[in-house]
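>
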Amino acid sequence: MTDTLKKIQEVAQKDLENLRSLAELEIARVRHLGRSSELSQFLRTLKDKTEDQRRELGQLANNVRQELESAFSQLKERLDDVAYSALEKLDVTAPAGRPRHGHIHPLTQAQEDSNAIFASMGFRIVEGPEVETEWTNFDALNTPADHPARGMQDTFWLKGMQYVMRTHTSPMQVRFMQAHQPPYRIIVPGRVYRNEATDGTHEFQFHQIEGLMVARKGESAPSLANLKGVMEHFYQRFFRDEHIKIRFNASFFPFVEPGVEVYIQGSSGKLKGRWIEVAGAGMVHQNVFENVGYVRGEMQGFAFGMALERIAMLKYKIDDIRLFQGSDLRFLKQF
Ligand code: PHE
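Counting the sequence shown from 1 gives a position; the numbering used here is that position plus 176.
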């Protein structure tokens, strides 16, 4: 019997020598002194013994237990010290690590800048659906059935051919006009889709900023000259360049008459010394007013549309549109 006790003590002692952490120590303590340890089991067998045996073996077993307990608590103290001195090495006076801040995406930044500039000119920012009906995206905008933009090559049609991923933000002109009476001025930022092969200047998904300002015909109704003023103010502030000049080139979009392409020239960076096309625009076509339920000839206004990526690329000197969606941190971290 005392052999059993001896064995128990030896095994436990041996285990103790290999303990390196407080966690290991606790596991070992439960194993050797806990309720299901061999020592506890041994003590439980005593009740079947004679009174003399019980006294003698009980005494021995308790000695073993006390020795083990004190060995465990000594080791615990040592390990506590080790853990504490590791803590002491923590230099609380050292400068803190710099927290890593994220920041907003350059396109979002450009979008927010643009919204703020137009809002300061009294434009209301509204958004529309990215899935449009064929009617709002094309028909109501006076775009005939045989217009090339309606083809499978240019447009993502949804099943059944009545819905399209909007190819521009102009359908929101239609939705807004249907629900409101002039005067109003709105800006519609948002994502648009075109079935294009991607390259440095084309993405199948990009963003546009649509503008629309309409009033009842009369002296103060928005004119082409007002459009020019709005464009000039916007681009001067967006590019922080008060020398930006605006030029209109005659152009064609089915939903405006006359239609123009907006060109700008600035005094620095990519805009210096050359005319760059930045938007399509024009006076809202009377057919469009009629399509949304206004009386032909009663309203007058202008509309414009530009690609957010294009002006962001000019502003931040980015030469590949694919970088915006590429998630390359080397690119994104520069902003
Ligand atoms: N929606 C046209 C486009 O995507 C741009 C535009 C908007 C032109 C408003 C004129 C008026 O190309």
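For glycine and all other residues, C-beta sits at the position ideal for the given N, C-alpha and C.
So is the beta-carbon of residue 357 under 7 Å away from any non-hydrogen atom of the ligand PHE?
Not one heavy atom of the ligand PHE lies closer than 7 Å to the C-beta of residue 357.
> Compute the beta-carbon to beta-carbon distance between residue 477 and residue 358, rounded to the nearest angstrom, for a pair I have assumed lies under 8 Å.
The pair is a contact, with the Cβ atoms about 7 Å apart (cut-off 8 Å).
> Does DSSP classify residue 285 as helix, strand or coil?
The answer is helix: DSSP assigns residue 285 an H, G or I state.
> Helix, strand or coil for residue 389, going by three-state DSSP, please let me know.
strand
> Entirely within the segment 326-379 and at least 4 residues each: give me those alpha helix (DSSP H) ranges in chain order.
347-355
> Quick one: residues in its chain with C-beta nearer than 7 Å to the C-beta of residue 286, no 5 flanking neighbours on either side, listed in chain order?
Result list for residue 286: 484, 487, 488, 491, in chain order.
> State the DSSP-derived secondary structure class of residue 421, mapped to helix, strand or coil.
Strand, per DSSP.
> Is DSSP giving residue 434 helix, strand or coil here?
Here residue 434 sits in strand by DSSP.
> Taking 8 Å as the cut-off, decide whether the C-beta atoms of residue 447 and residue 410 are in contact.
no
> Report the rounded CA-to-CA distance for residue 195 versus residue 201, giving the unit in angstroms.
6 Å
> Could you pull out every residue in the same chain whose Cβ sits closer than 7 Å to the Cβ of residue 214, ignoring the five residues on either side in sequence?
184
> Can you tell me where the alpha helix (DSSP H) holding residue 528 begins and where it ends?
Residue 528 is absent from the structure shown; the chain starts at 177 and stops at 511.
> Kindly indicate which residue of 474, 247, 283, 242 has the alpha-carbon position closest to the one of residue 191.
247
> What ranges does the alpha helix (DSSP H) occupy inside the segment 436-473, keeping only unbroken runs of at least 4 residues that lie completely in it?
462-467
> Let me know if residue 294 comes out buried or exposed under the rule of 16 or more other beta-carbons within 10 Å of its beta-carbon.
buried
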